[in-house]
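S.K.:
Residue numbers (the working numbering), protein chains in the order written: chain A, 75 to 426; chain B, 871 to 1058.
Written out as C-alpha cells, the structure is:
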C-alpha cells in the first residue's frame, strides 16, 4: 500500500472506530437505564423515540445546553484539563483493539474517472506487538483525570473521591496486570491479534480450566474496580461523598467524565472478549461478504454480553465498604493472581 | 524524516517539561510536568525501537510512581512553595557541574566523531530479548535486586506501622498521639 493510500485508510479507520465507540458509549447509557428499569420492575426510558431509543441524543443535547459553571474556588487550569485527560485517554485505548479478521474491498470503479484501488486491511486501527501493554499503560494514566478532578475542585468531598479513586485504581491495577500474565504465557505474545489467533477452534482461554477461568474472574473483578463501577464505585459513593470527584462539575464537563467511564467499560469488555473469549472467533460460513461480516457480529455480541453483565452486576450487588475494598484487592485478588501465574508457568514448563 | 521530526518533537516536549518542573511553584504542577517528561521519554524509547522499555516506562513511571507522587501531594494538601535565594551548595557544586557536563558533551560532539552513533530504530527492545537478558544472562543480579526491593518494602512497613504498636513491641512508653502529619498550607 502506498503512503497516501495508507494515510487515507488510517484516517478513515480512526474516524469510523471513534464514531462507533462514541455511539456505543451513548447507547450503553441507554442500555444501562433500560436494563436498570426492567430489573426494578419499571419501564426505563420510553418517551423519546421507539423504546426510548433516541434518549441518548436528548441527553446529549441537554448536557450541551446546560450552564457550564466554573466555581470561583476551583483551581481553573486543572479543573478544565481533568475531564479532557479522562476522556482522551479513555478513547485512545481503543486504537489497538482488533474488531475482526480483515476488510477486503476489491478494485471498484465509480463512473469513468474515479477508481478505488483494492483494499485489504486489518479491522483495527493499528496492530502493535506491544498492544496489550499499550492498553495497560493508558489505563494506568487514566487515574490522573479523576484524581486531578477531585483535587482541582477544592472541595472536601471531591478530594476524598479523588483520593479514593487514586488508591483504588493503583491497587486493582496490580491484580489486573498480574491476572493477564497466564494468558500471555499461553499465547506467547503481547499483540492482541496474535492472542486471538492462538484461541482458534474453541480453545478459548476461559475454557482452559482451572487456570484460564481463574485468570478470567480475577481480571473481571479487577476491571470492575478499575472502571469505578459498582460494587467498587466508592469514588462517587453518593451516600457519603455527594457525587465524589465530579461534585463540582456541570454540563459537558460532567458528561465527559461519564463518557470516559463508559468508554473505559467498552474497552474493558473488548479486552475480556479478546483475551478470554476468543475475540471474533465463531462459526463462519456462507458467501464472501458474510464471511467478512460474521466475525464482527460475533465480536459485537460478546462485547454486548459483557456490557450487559456490567449493568446486571450494578443493579444486583451492594457497594463495598472502603476497608473491605482494599483488603479484597491486596489480601485476596493479588495472592490468587500470583499463585495462578506460578501454577500456569509450572504447567507450561512441564509441557514443553 | 518522520522519525527525526517525531524525535525532535518529543525532545522539545521533554526539555520544556523539565524546565517547567523547576519553574512552577506549586508541587502539583511540578509533578504533572514530571509526568510529561516521563511520557515524552517513553516516546523517545519507542522511536529508538525499544518498545517494551517504552511501555514499561509509561506503566511504571508515568502510571504508577507518579500517581503516588500526586497522591501524596493531594493527601498532604501541600501549598505553594516559598522562593528562596538558592542554596550555596547548589551554586558551588551545580554551576561547575553543568559547565563540565556541557564542555564534555561539546568536546565529544566536535572531536570524537569516530564514536559510532545510535541510529533511530536500531536498538533492540522487544519483550523476547529483554526477557532473555533478565531471566537468562542476568538472572542473579535480577534476583538480588528483587530481594533488595523486598527489604526496602519491609523497612517501609516497619516505619509506617503505628508508633504505639512499635513502642509496645519494645516495651517502651507509647507516645501520647500520632505526630501531626497533615500540613496546614492554604489551598492553592
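Virtual Cβ for every residue (Gly too), placed ideally from N, Cα, C.
(1) At 4 residues or longer, what runs of the alpha helix (DSSP H) sit wholly inside the segment 899 to 928 of chain B?
(2) Name the residues in the segment 223 to 257 of chain A whose C-beta lies less than 9 Å from a C-beta of chain B; which are they?
(3) Any chance you could list the alpha helix (DSSP H) runs of at least 4 consecutive residues sitting entirely within the segment 287 to 334 of chain A, in chain order?
(4) Taking 8 Å as the threshold, find out whether the segment 194 to 206 of chain A comes into contact with the segment 390 to 410 of chain A through three or more Cβ pairs.
(5) From the DSSP secondary-structure annotation, give me the bridge partner or partners of residue 463 of chain A.
(6) Which residues of the segment 385 to 410 of chain A have a Cβ closer than 8 Å to any Cβ of chain B? Give them in chain order.
(7) Consider the Cβ of residue 928 of chain B: report whether some Cβ of chain A lies at a distance smaller than 8 Å.
(8) Around the C-beta of residue 452 of chain A, are 16 or more other C-beta atoms found within 10 angstroms, so that it is buried, or is it exposed?
(9) Quick check: the Cα distance between residue 393 of chain A and residue 177 of chain A, rounded to an integer number of angstroms?
(10) Mind checking which residues open and close the alpha helix (DSSP H) that includes residue 275 of chain A?
(11) Let's see if you can read the secondary structure: which residues bound the beta strand (DSSP E) around residue 190 of chain A?
(12) CB-CB under 7 Å to residue 167 of chain A, same chain, minus the five flanking residues each way: which ones, in chain order?
(13) Counting only Cβ-Cβ distances shorter than 8 Å, please list the residues of the segment 179 to 211 of chain A near chain B, keeping chain order.
(14) Counting C-beta neighbours from all protein chains within 10 Å, is the total for residue 142 of chain A 16 or more, i.e. buried, or is it exposed?
(15) Excluding sequence positions up to five away, which residues of its chain have a Cβ less than 8 Å from the Cβ of residue 257 of chain A?
(16) Between the alpha carbons of residue 247 of chain A and residue 405 of chain A, how many angstroms are there, rounded?
(17) Could you check which residue in A/196, A/218 and A/291 has the C-alpha nearest to that of residue 932 of chain B?
(18) Helix, strand or coil for residue 168 of chain A per DSSP?
(19) Using the beta-carbon count (16 or more within 10 Å), is residue 827 of chain B buried or exposed?
(20) Between residue 943 of chain B and the rest of its own chain, which residues show a CB-CB distance below 8 Å, the 5 nearest in sequence each way excluded?
(21) Along chain B, which residues have their Cβ under 9 Å away from the Cβ of residue 221 of chain A?
(22) For residue 390 of chain A, which three-state DSSP category applies?
(23) To the nearest whole angstrom, what separates the beta carbons of residue 380 of chain A and residue 343 of chain A, a pair I think is in contact under 8 Å?
(24) Can you tell which of A/196, A/191, A/147 and A/155 has the C-alpha that lies nearest to the C-alpha of residue 170 of chain A?
(25) Please list the terminal residues of the continuous alpha helix (DSSP H) segment that includes residue 978 of chain B.
(26) Measure the alpha-carbon distance for residue 388 of chain A versus residue 114 of chain A and round it to whole angstroms.
(27) With three or more C-beta pairs closer than 8 Å as the rule, is the segment 369 to 386 of chain A touching the segment 98 to 116 of chain A?
(28) Where do the ends of the alpha helix (DSSP H) carrying residue 1023 of chain B lie?
(29) If you follow the alpha helix (DSSP H) that residue 112 of chain A is part of, which residue opens it and which one closes it?
(30) In chain order, what residues of the segment 995 to 1029 of chain B put their CB closer than 8 Å to some CB of chain A?
(31) If you measure beta-carbon to beta-carbon, which residues of the segment 291 to 317 of chain A are closer than 8 Å to chain B?
(32) For residue 184 of chain A, name the three-state secondary structure that DSSP assigns.
(33) At which residues does the alpha helix (DSSP H) containing residue 425 of chain A begin and terminate?
(34) Indicate whether residue 123 of chain A and residue 117 of chain A have their beta-carbon atoms separated by less than 8 Å.
(35) Taking the alpha-carbon positions, what's the residue 1050 of chain B to residue 946 of chain B distance?
(36) What whole-angstrom Cβ distance do residue 336 of chain A and residue 99 of chain A have, given they're in contact under 8 Å?
M.R.: Per the coordinate set shown:
(1) 921 to 926
(2) 224, 225, 226, 228, 233, 236, 237, 240, 241, 243, 244, 247, 248 and 251
(3) 312 to 315
(4) no
(5) A query on residue 463 of chain A cannot be resolved here, the shown segment of chain A reaching from 75 to 426 and no further.
(6) none
(7) Position 58 of the second chain, counted from the start, is the residue given in the question as residue 928 of chain B. Interface residue, yes.
(8) Since the first and last residues shown for chain A are 75 and 426, residue 452 of chain A lies out of range.
(9) As a working mapping, residue 393 of chain A is identified with position 319 in the first chain. As a working mapping, residue 177 of chain A is identified with position 103 in the first chain. Computed Cα separation, rounded: 43 Å.
(10) For the purposes of this step, residue 275 of chain A is identified with residue 201 of the first chain, where counting begins at 1. Here residue 275 of chain A belongs to no alpha helix (DSSP H), and DSSP marks it neither H nor E.
(11) One-based indexing of the first chain puts residue 190 of chain A at position 116. Looking at the DSSP string, the run of the beta strand (DSSP E) that includes residue 190 of chain A is 188 to 190.
(12) Taking the first residue of the first chain as 1, we reach residue 167 of chain A at position 93. Result list for residue 167 of chain A: 209, 212, 213 and 341, in chain order.
(13) 202, 203, 204, 207, 208, 210 and 211
(14) One-based indexing of the first chain puts residue 142 of chain A at position 68. It counts as exposed.
(15) Along the first chain, read from residue 1 onward, the residue named residue 257 of chain A stands at position 183. 269, 279, 286, 289, 349 and 350, listed in sequence order.
(16) Looking up residue 247 of chain A in the first chain gives position 173. Looking up residue 405 of chain A in the first chain gives position 331. When rounded, the distance between both Cα atoms is 14 Å.
(17) As a working mapping, residue 932 of chain B is identified with position 62 in the second chain. Of A/196, A/218 and A/291, the residue nearest in Cα terms is A/218.
(18) To locate residue 168 of chain A, count along the first chain from 1; it is residue 94. Residue state, collapsed to three classes: helix.
(19) Residue 827 of chain B is absent from the structure shown; chain B starts at 871 and stops at 1058.
(20) For the purposes of this step, residue 943 of chain B is taken as residue 73 along the second chain, with counting starting at 1. Same-chain partners within the cutoff: 897, 898 and 901.
(21) Within the first chain, residue 221 of chain A is the residue found at index 147, counting from 1. Here the neighbours are 937, 940, 941 and 944.
(22) Residue 390 of chain A sits at position 316 when you count from the first residue of the first chain. Note: residue 390 of chain A maps to coil in three-state DSSP.
(23) Indexing the first chain from 1 puts residue 380 of chain A at position 306. Indexing the first chain from 1 puts residue 343 of chain A at position 269. Rounded, the Cβ-Cβ distance is 4 Å, consistent with contact.
(24) Your numbering for residue 170 of chain A matches position 96 in the first chain. With distances taken between Cα atoms, residue 170 of chain A lies closest to A/196.
(25) Here the question's residue 978 of chain B lines up with position 108 in the second chain. Looking at the DSSP string, the run of the alpha helix (DSSP H) that includes residue 978 of chain B is 965 to 981.
(26) Walking along the first chain from the start, residue 388 of chain A turns up at place 314. Walking along the first chain from the start, residue 114 of chain A turns up at place 40. Whole-angstrom Cα-Cα distance: 12 Å.
(27) yes
(28) Position 153 of the second chain, counted from the start, is the residue given in the question as residue 1023 of chain B. Segment 1009 to 1030, the alpha helix (DSSP H) holding residue 1023 of chain B.
(29) The count along the first chain starts at 1 and reaches residue 112 of chain A at position 38. 77 to 113 is the span of the alpha helix (DSSP H), which, as asked, contains residue 112 of chain A.
(30) 996 and 997
(31) none
(32) Your numbering for residue 184 of chain A matches position 110 in the first chain. The answer is strand: DSSP assigns residue 184 of chain A an E or B state.
(33) By one-based count along the first chain, residue 425 of chain A stands at place 351. It spans 408 to 425 - the alpha helix (DSSP H) in which residue 425 of chain A sits, taken as one unbroken run.
(34) Against the first chain, residue 123 of chain A aligns to sequence position 49. Against the first chain, residue 117 of chain A aligns to sequence position 43. Contact flag unset, no.
(35) Position 180 of the second chain, counted from the first residue, corresponds to residue 1050 of chain B. Position 76 of the second chain, counted from the first residue, corresponds to residue 946 of chain B. Unreliable positioning characterises residue 1050 of chain B in this predicted model, as indicated by a pLDDT of 48, which lies under 50. The coordinate reading is nonetheless provided below. About 11 Å.
(36) Within the first chain, numbered from 1, the residue matching residue 336 of chain A stands at position 262. Within the first chain, numbered from 1, the residue matching residue 99 of chain A stands at position 25. Confirmed, Cβ separation roughly 4 Å.
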